[in-house]
Each structure stands twice: as structure tokens, then as C-alpha cells.
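See below for the structure under consideration.
Number of protein chains: 2
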Amino acid sequence: MMMTKPEMMFRVAELEIDPQHLAAYRALLAEEIEASLRLEPGVLFLQALAEQENPARIRVIECYASKAAYEQHITTPHFLKYKQGTLAMVKALRLVEMDPIALAAKDGAFSR
Amino acid sequence: MMMTKPEMMFRVAELEIDPQHLAAYRALLAEEIEASLRLEPGVLFLQALAEQENPARIRVIECYASKAAYEQHITTPHFLKYKQGTLAMVKALRLVEMDPIALAAKDGAFSR
């Protein structure tokens with residue numbers, strides 16, 4: 001189980017992408033997630049999934065070590081590249097702030 | 113990054129809980145998640161979060177090694193205890209099948 005701390009920040013981003021640009025959007029998002037985890041100690045997880053029935057509807061589950069880590073994240077070159085590169089591809093964006101109940105994963109699930 | 117395989121199953125469960133029973137529901141859900149990860153090799157992650165603005169709205173992000181692992185999961189005593197124990201607490205349940213785009217977490221994020 002993830003030992004959460006009150007200062008951690010959890011969020012679900014719900015996006016609707018222009019289907020014409022979906023492949024390009026997915027590539028930019030995957031690149032941004034890889035860079036964020038590799039370069040930023042305060043980005044604890046980022047998980048992007050697409051709805052099977054409507055792949056243009058994407059959800060990203062986000063966890064940052066603190067609000068400060070998040071504020072730092074959105075100033076990084078890799079985030080700004082993603083944000084600016086995908087602005088015209090995103091038809092709708094809803095950000096839902098979340099609180100953790102229980103988070104658990106197998107050891108190594110994210111490094112296999 | 114999580115190395116995903118085509119046979120893996122990803123899902124988001126969106127629940128609305130009767131606010132009167134929210135504390136009991138959360139306890140049963142957390143117990144079920146802990147037992148599932150500990151006892152079932154085919155349950156790769158389960159992450160339960162509540163919306164800050166409406167804590168009775170809960171989302172569970174689920175990942176199973178295969179459809180067979182999921183079918184097994186829903187026959188386990190710990191799942192059945194959760195399912196039967198919470199049936200009257202759940203006002204609405206929507207299951208959204210998902211496909212992975214990119215999933216990444218810090219090493220040890222889920223065992224700290």
C-alpha cells in the first residue's frame with residue numbers, strides 16, 4: 001500500500017482529444033510522462049488511459065509529492081512542450097482534485 | 113514505465129456511495145484492496161480515490177494481468193465480502209473499460 005502524506009496531491013485529468021490528432025497527442029503525452037518521472041523527484045506517478053469505447057476520451061491519474069512539486073512540474077521544459085504542443089488538440093479538459101483512499105500495486109509493476 | 117501486455121485488463125470504476133455509509137464503505141474497500149494485492153498474483157494494481165468536492169464519488173483504477181485473473185478475482189472470499197458487504201451502500205456504479213497509454217511510477221512508490 002502506498003503510504004500517503006497529507007501534503008501529497010492527487011488528481012484525475014479528464015480529456016477529450018480531437019480524433020484527427022489522437023496519435024500525435026498520445027505520443028506527446030507518453031513522452032511527457034516518461035520525462036516527468038525520470039527528471040522530477042516530486043512526480044510520484046502518472047497513469048494515462050483511454051476509454052475503450054471512445055479512445056479520444058483520456059484520463060490521467062496524477063500524484064505529486066506536494067503542491068510545490070506540482071507547481072514546479074508545470075514550469076519544466078518537458079511539461080511546457082507537451083502543453084503547448086497539444087493545446088490545439090484538446091477539445092475539453094476537466095481537472096478533478098482527489099483524496100486517496102487506498103493505493104496498492106505489485107512490487108515492480110511499474111518497472112517491468 | 114509499466115510494460116503492458118495486450119492480455120492485461122484496465123478499468124476505472126466510478127461509484128457513488130450513500131453518504132451515510134461512506135466511512136464503512138471506505139474501510140471495506142481498503143481492506144479488499146489490501147487483500148487482493150497480497151493474495152492474488154494477477155491483481156497488478158488497485159487505486160481508490162475520492163473526489164475532494166464530493167467525497168461520496170469514488171473512483172477505483174484497476175489493473176489485472178488478464179481477463180482470467182479478473183474472473184478469478186471476483187470469486188475470492190475477500191472480494192465477495194466487499195461486494196456483499198457494500199451492496200446496499202452503493203447508489204451508482206459505472207465500469208469503464210480502458211486501454212493503457214503510458215503508466216509510470218517511482219520505484220517503491222507503492223511500498224513506502
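If you're matching them up, the sequences are chains A and B in order.
The first sequence begins at 1 in the numbering used here and counts up one residue at a time.
The second sequence begins at 113 in the numbering used here and counts up one residue at a time.
Using N, Cα and C, we set each Cβ at its ideal position, and we do this for glycine too.
Because the structure is a prediction, the values reported are computed rather than measured.
Using a Cβ-Cβ cut-off of less than 7 Å, list which residues of the stretch 6-18 of chain A approach chain B; keep chain order.
Phe10 and Val12
Where A/Leu44 falls, given that 16 or more other Cβ within 10 Å makes a residue buried:
Here residue 44 of chain A refers to the residue found at position 44 of the first sequence. With 16 or more Cβ atoms within 10 Å of its Cβ, A/Leu44 is classed as buried.
I'd like to know whether the C-beta atoms of B/Glu144 and B/Tyr194 end up nearer to each other than 8 Å.
Your numbering for residue 144 of chain B matches position 32 in the second sequence. Your numbering for residue 194 of chain B matches position 82 in the second sequence. Their beta carbons are under 8 Å apart, which means B/Glu144 touches B/Tyr194 by this criterion.
Would you mind reading off the limits of the beta strand (DSSP E) that contains A/Leu46?
Mapped onto the first sequence, residue 46 of chain A falls at position 46. Its beta strand (DSSP E) spans residues Val43 to Glu51.
Under a three-way DSSP split, which group does A/Ala65 fall into?
Stepping through the first sequence from its first residue, residue 65 of chain A is reached at position 65. Coil.
Using beta carbons (cut-off 8 Å, strictly below), is B/Glu146 in contact with chain A?
What you label residue 146 of chain B is simply residue 34 of the second sequence in a count that begins at 1. Closer than 8 Å to some Cβ of chain A, the Cβ of B/Glu146 qualifies, so yes.
What does DSSP give as the partner residues of B/Asp130 in its beta bridges?
Looking up residue 130 of chain B in the second sequence gives position 18. Looking at the DSSP assignment, B/Asp130 forms no beta bridge with any residue, so it has no partner.
Given a limit of 8 Å on CB to CB distance, which residues of the stretch 54-66 of chain A reach chain B?
Pro55, Ile58, Arg59, Ile61 and Cys63
Can you name the residues that DSSP bridges to B/Leu205?
Taking the first residue of the second sequence as position 1, residue 205 of chain B is located at position 93. According to DSSP, B/Leu205 bridges with B/Leu127.
First through last residue of the alpha helix (DSSP H) which encompasses B/Leu199
The sequence position of residue 199 of chain B within the second sequence is 87, counting from 1. Looking at the DSSP string, B/Leu199 is not in any alpha helix (DSSP H), and its letter there is neither H nor E.
State buried or exposed for A/Ser111, treating a residue as buried only when at least 16 other CB atoms are found within 10 Å of its CB.
As a first step, residue 111 of chain A must be located in the first sequence, where it is residue number 111. A/Ser111 comes out exposed.
Throw me the rounded Cβ distance for the B/Glu128 and B/Arg169 pair, which I believe falls under 8 Å.
For the purposes of this step, residue 128 of chain B is taken as residue 16 along the second sequence, with counting starting at 1. For the purposes of this step, residue 169 of chain B is taken as residue 57 along the second sequence, with counting starting at 1. Right, the Cβ-Cβ distance comes to about 6 Å (below 8 Å), so this counts as a contact.
Under three-state DSSP, which class holds B/Pro212?
Numbered from its first residue, the second sequence carries residue 212 of chain B at position 100. The answer is strand: DSSP assigns B/Pro212 an E or B state.
Note down, in chain order, each residue of its chain lying with its Cβ closer than 7 Å to the Cβ of A/Gly85, except the 5 sequence neighbours on either side.
Numbered from 1 along the first sequence, position 85 holds the residue referred to as residue 85 of chain A. Only Leu28 meet the Cβ criterion.
Taking 8 Å as the threshold (C-beta atoms), are A/Val96 and A/Glu14 in contact?
Translated into positions along the first sequence, residue 14 of chain A becomes position 14. Translated into positions along the first sequence, residue 96 of chain A becomes position 96. Going by C-beta atoms, A/Glu14 is nearer than 8 Å to A/Val96.
Could you pull out every residue in the same chain whose Cβ sits closer than 8 Å to the Cβ of A/Ser36, ignoring the five residues on either side in sequence?
Position 36 of the first sequence, counted from the start, is the residue given in the question as residue 36 of chain A. Correct list, in chain order: Val43, Leu46, His73, Thr76, His78 and Phe79.
Strictly by DSSP, which residues pair up with A/Ala105?
For the purposes of this step, residue 105 of chain A is taken as the residue at position 105 of the first sequence. Partner(s): B/Phe157.
Do A/Ala30 and B/Ala221 count as a contact pair if the criterion is CB distance below 8 Å?
The count along the second sequence starts at 1 and reaches residue 221 of chain B at position 109. The count along the first sequence starts at 1 and reaches residue 30 of chain A at position 30. The answer is no: Cβ separation not under 8 Å.
Is A/Phe116 helix, strand or coil when you go by DSSP?
Because chain A is modelled from 1 through 112, residue 116 of chain A falls outside the range shown and cannot be assessed.
Determine the direct distance from the alpha carbon of B/Ala177 to that of A/Cys63, and round the result to whole angstroms.
As a working note, residue 63 of chain A is residue 63 in the first sequence. As a working note, residue 177 of chain B is residue 65 in the second sequence. In a straight line, the C-alpha of A/Cys63 is about 23 Å away from that of B/Ala177.
Contacts of B/Leu149 in chain A (Cβ-Cβ under 9 Å):
Position 37 of the second sequence, counted from the start, is the residue given in the question as residue 149 of chain B. Those within 9 Å of B/Leu149 in chain A are Met1, Ala104, Ala105 and Lys106.
Output needed in chain order: residues of the stretch 193-216 of chain B with a Cβ under 8 Å from some Cβ in chain A.
Val208, Glu209, Met210, Asp211, Pro212, Ile213, Ala214, Leu215 and Ala216
Who are the neighbours of A/Glu71 on chain B, taking C-beta pairs under 7 Å?
The residue you call residue 71 of chain A lines up with position 71 of the first sequence. What A/Glu71 touches in chain B: nothing, since even the nearest Cβ is about 18 Å away.
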